[in-house]
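So the structure is just underneath, and the comments pick up after that.
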Amino acid sequence: MKNLKQFNTFNLDVNCQEIVFLNSDEDYINFQKTSSPKILIGGGSDILFTCDYHGIVGITQNKGIEIAEDDSVYKVKAEAGTKWHELVENLVNRGIGGAENLALIPGTCGAAPIQNIGAYGLEFDNLCDYVNVVDKNGNKIKLKASDCNFGYRTSNFKTLWIDNYIITSIGLKLSKKWVPLLDYSPLNNLKKIPNLTPKLIFDEIIKLRMNKLPDPKYLGNAGSFFKNPVVSYEQFCKLRTQYNDMPYYEQPHNQFKIPAGWMIDRCNLKGVTIGGAQVYEHQALVIVNKGNAIPSDIIKLAKHITKTVEQKFNIRIEPEIRIYGSNGEVTLEQL
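Counting the sequence shown from 1 gives a position; the working numbering is that position plus 911.
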């Protein structure tokens, strides 16, 4: 058995049968053709292992960034093992805007399409041009962004294609006509700054994220544990009547996104601890490993949070992270 503690940011002491490091397309093809049960992870920042995994774990390690341009756009290719934040930082340092709102999101570029990562009003699919994959037969395929069915923290890679494709690299398209995205209230103060640049937004977002999110090097966590629920207009009106201070974000089709962290906080769950797992005292959306947590501590705490929030708001919040049991991906309800 091989230990996975250093490969998951919850820092949980779990094992798998074998670890394989993937550095090239050929490695991905060979891994995809393996008949044994297998999962692929990047930075391990969006995963909760609930127990030992009875299969092979592939670790993406191919790195590299290529940038081309024409009159109107920058065309960016990033290998799957490249850290997402390093890609954003690279672009900002070159004076290329468009991705800065996604600064300091942990994980690799290969994981970005799966979850359709997002923050501060921007999502991966707003930037995506294509995704390169290897299918079950080892064939290399380029998928257009429109093929991927991106949604809020989801995509075909997380649903329809969950066992079909392995992502080897991604392609982004960034307009040269840069327009700052400052719709989220924490960024409103930047609207007053003359000659605003992507670097200034990048620096501000890093400051914001560092103030509210713990560094997994010192306090194990997987970032935001839960997705922000999207509710109907009718349900929104009922909630707004009860809680006139409730933050919200309007969505298409007359729906509204409610911050899960706000709901958890209103349930007075910050600091609540089960075993070695705790609702982070500075950001209720995060569950942390205080140093001695076992997987069942985190599962019990997550279930306690979902039950408490549902009882108070009549909304069932769902995990944003991916949860793995001994034989593959599972839901919180299945545990």
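C-beta: ideal position from N, C-alpha, C; glycine also.
Which residues DSSP lists as bridging residue i, in chain order
i, result
"THR1152", "Answer is none; THR1152 lacks a bridge partner."
"LEU959", "ILE1234"
"GLU1240", "TYR1235"
"TYR1160", "LYS1168"
"THR993", "Beta-bridge pairing links THR993 to no other residue."
"CYS927", "LYS913 and TYR964"
Element boundaries [beta strand (DSSP E), containing residue i]
i, result
"TYR985", "984-990"
"GLU980", "976-980"
"LEU1054", "1051-1055"
"TYR964", "964-971"
"GLY1082", "1077-1086"
"GLN1245", "Segment: none, GLN1245 is in no beta strand (DSSP E) and carries neither H nor E."
"VAL1042", "1039-1045"
"ALA1281", "Outside the displayed span of the chain (912 to 1246) sits residue 1281, for which this structure offers no information."
Of the listed residues the options, nearest to residue i (C-alpha basis)
i, options, result
"ILE1081", "PHE1035, MET1157, ASN1122 and TRP1089", "PHE1035"
"MET1121", "ILE952, PRO1017 and ILE1205", "PRO1017"
"LEU1180", "THR1065, GLY1172 and GLY1186", "GLY1172"
"ILE1169", "ILE1228, ALA979 and LYS1088", "ILE1228"
"ASN1043", "ASN1200, PHE1068 and PRO1206", "PHE1068"
"GLN861", "ILE967, ASN922 and VAL925", "Absent from the structure is residue 861, since the part of the chain shown begins at 912 and ends at 1246."
"ASN1060", "TYR1154, LYS1047, ASP1040 and LYS1103", "ASP1040"
"GLY888", "ASP1176, LYS1118, ASP1208 and ALA1056", "Because residue 888 is not part of the residues shown, which for the chain are 912 to 1246, the question remains open."
"PHE932", "ASP982, GLU1161, SER1135 and ASN941", "ASN941"
"ILE950", "ARG1233, LYS974 and ALA1188", "ARG1233"
"ILE1226", "ILE1175, CYS1020, ILE1210 and VAL1241", "ILE1175"
"PHE1137", "ALA979, THR1152, TYR1144 and THR1065", "THR1065"
"PRO1125", "TYR1191, GLU1221 and ASP981", "TYR1191"
"ILE1205", "LEU1015, MET912, CYS962 and ASP981", "CYS962"
"ALA979", "LYS1087, ALA1022 and SER956", "LYS1087"
"THR945", "ASN1139, ILE958, GLU929 and PRO1105", "GLU929"
"VAL1090", "THR1079, ASP1046 and LYS1102", "LYS1102"
"ALA989", "GLU997, ASN1001, ILE976 and VAL999", "ILE976"
"LYS1223", "ILE1078, LEU1093, ASN1037 and ARG1177", "ARG1177"
Extent of the continuous alpha helix (DSSP H) run through residue i
i, result
"THR1219", "1206-1224"
"GLY1279", "Because the chain is modelled from 912 through 1246, residue 1279 falls outside the range shown and cannot be assessed."
"GLU1115", "1109-1123"
"ASN941", "936-944"
"GLN1247", "Absent from the model: residue 1247. The displayed extent of the chain is 912 to 1246, so no value can be given."
"ALA1023", "1023-1026"
Inter-residue CB distance, residue i and residue j (contact presumed, cutoff 8 Å)
i, j, result
"PRO948", "ASN1238", "6 Å"
"TRP995", "THR1019", "6 Å"
- prompt: Is it a yes or a no for the region 1023-1033 touching the region 1005-1014, going by three-plus beta-carbon pairs under 8 Å?
  reply: With contact defined as three or more Cβ pairs closer than 8 Å, the region 1023-1033 and the region 1005-1014 are in contact.
query: Can we say the region 1042-1051 touches the region 936-948, given the rule of at least three CB pairs closer than 8 Å?
result: Contact holds: three or more Cβ-Cβ distances are below 8 Å.
task: Say whether the region 1094-1101 touches the region 1072-1086, bearing in mind that this needs 3 or more beta-carbon pairs closer than 8 Å, one atom from each stretch.
output: Taking 8 Å as the limit for Cβ pairs, the verdict is that the region 1072-1086 does not touch the region 1094-1101.
field: Touch test, the region 1197-1209 against the region 1120-1140, Cβ-Cβ under 8 Å, three pairs minimum
entry: Enough Cβ pairs lie closer than 8 Å, so yes.
message: Assess contact between the region 1138-1153 and the region 1182-1192, defined as three or more Cβ pairs (one per stretch) separated by less than 8 Å. Is contact present?
response: Taking 8 Å as the limit for Cβ pairs, the verdict is that the region 1182-1192 does not touch the region 1138-1153.
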